[in-house]
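Comments concern the structure below.
In my numbering, the protein residues as written are 3 to 281.
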């Protein structure tokens, strides 16, 4: 009788990883995260992770980021800036219903971080931050601020963070499947770090940026902000970038192409803007 040393659980680690990767890919679901809206964004997405998983980890990641900012005395230092940012958010959030009926009921949070970085972001589930560098260096109008915030909210509506985290999981990071087997420890902590990375530290794909641009101008228009301000905003960002442009510009097509696309889609949603101003 041959020794039973080649049992399934004794298979090489590489094979185990490959099997887990195949299982992860097989578990992916094709979903439609948003309605197309007037701008017609309707790409279907493959998701391995659930919205509830990602939103829970995003909330954890957001708490950590706000705690770090508070520890540096950089959280909501200027009451006037905070009031301004939150006023814009209060007009944009109801507009999200045009893309997702559930979105206005998310547990939205909006804070301002004192930093020289020209940046803003929105984690899954509506956890937002705007940096003072964006407000002060670009001297943004309310319309331009709405363009930035609408763009970032669009990433959350389209669940780009969930999509990118799902891609990472499918590639073998193994968050919800196989995490314990791979000895990775607390998978929820790992997912929170990935959400932080894909939201703040890593650039979005061109595809995601185009979608966020188009959805963002519609959100601004529906909120009563001039969608054409998106063009002037990105012109300002290109001018302030120098040799190292802001993250917003890092993966997008050329500034000329971006401005043309924004102008085209801003024109498409002008009737929504006109209607919002009459309300």
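Think of the CB as a built atom: it goes at the ideal place given N, C-alpha and C, for glycine as much as any other residue.
Quiz item: Mind checking residue 283: buried by the 16 CB within 10 Å criterion, or exposed?
Solution: Any question about residue 283 goes unanswered here, given that the chain covers just 3 to 281.
Quiz item: residue 115 and residue 76 look like a contact to me (Cβ under 8 Å); what is the Cβ gap, rounded to whole Å?
Solution: 5 Å
Quiz item: residue 111 by DSSP, collapsed to three states: which one?
Solution: strand
Quiz prompt | At least 3 beta-carbon pairs within less than 8 Å: the region 57 to 71 vs the region 129 to 143 | solution = yes
Exercise. Can you give me the Cβ contacts of residue 111 inside the same chain, cut-off strictly under 6 Å, excluding the 5 residues immediately before and after it?
Key: 129
Quiz item: If you drop the 5 nearest sequence neighbours on each side, which residues of the same chain put their C-beta closer than 7 Å to that of residue 274?
Solution: 40, 220, 223, 224
Quiz item: Taking C-beta to C-beta, are residue 51 and residue 164 nearer than 7 Å?
Solution: yes
Quiz item: Would you call residue 192 buried or exposed, if buried means 16 or more other Cβ atoms sit within 10 Å of its Cβ?
Solution: buried
Practice problem: Look at residue 258 and residue 233 and say whether their C-beta atoms are less than 7 Å apart. | Solution: no
Practice problem: Report yes if the CB atom of residue 196 is closer than 7 Å to the CB atom of residue 170, and no otherwise. | Solution: yes
Quiz item: Distance, Cα to Cα, residue 12 vs residue 30?
Solution: Bear in mind that a pLDDT of 44 at residue 12, under 50, signals an unreliable position, so the number given afterwards is only what the model happens to contain. Their backbone Cα atoms lie some 27 Å apart in a straight line.
Quiz item: Based on Cα-Cα distance, which residue from 86, 277, 60, 72 lies nearest to residue 145?
Solution: 86
Quiz prompt | Own chain partners of residue 214 with C-beta closer than 8 Å, once the 5 adjacent residues on each side are dropped | solution = 153, 154, 156, 157, 160, 162, 206
Exercise. Decide if residue 177 is buried, meaning its Cβ has at least 16 other Cβ atoms within 10 Å, or exposed.
Key: Unreliable positioning characterises residue 177 in this predicted model, as indicated by a pLDDT of 46, which lies under 50. The coordinate reading is nonetheless provided below. With 16 or more Cβ atoms within 10 Å of its Cβ, residue 177 is classed as buried.
Exercise. Taking all protein chains shown into account, decide if residue 48 is buried (16 or more other Cβ within 10 angstroms of its Cβ) or exposed.
Key: exposed
Quiz item: CA-CA distance, residue 168 and residue 82?
Solution: 38 Å
Quiz item: How many angstroms separate the CA atom of residue 142 from the CA atom of residue 230?
Solution: 13 Å
Quiz prompt | Between the CA atoms of residue 173 and residue 280 - distance to the nearest angstrom | solution = 50 Å
Self-check item: Counted within 10 angstroms of its Cβ, other Cβ atoms place residue 203 as buried (16 or more) or exposed
Solution: exposed
Quiz item: Which partner residues of residue 130 appear in the DSSP bridge assignment?
Solution: 112, 124
Quiz item: Any idea which residues DSSP pairs residue 77 with across the strands?
Solution: 115
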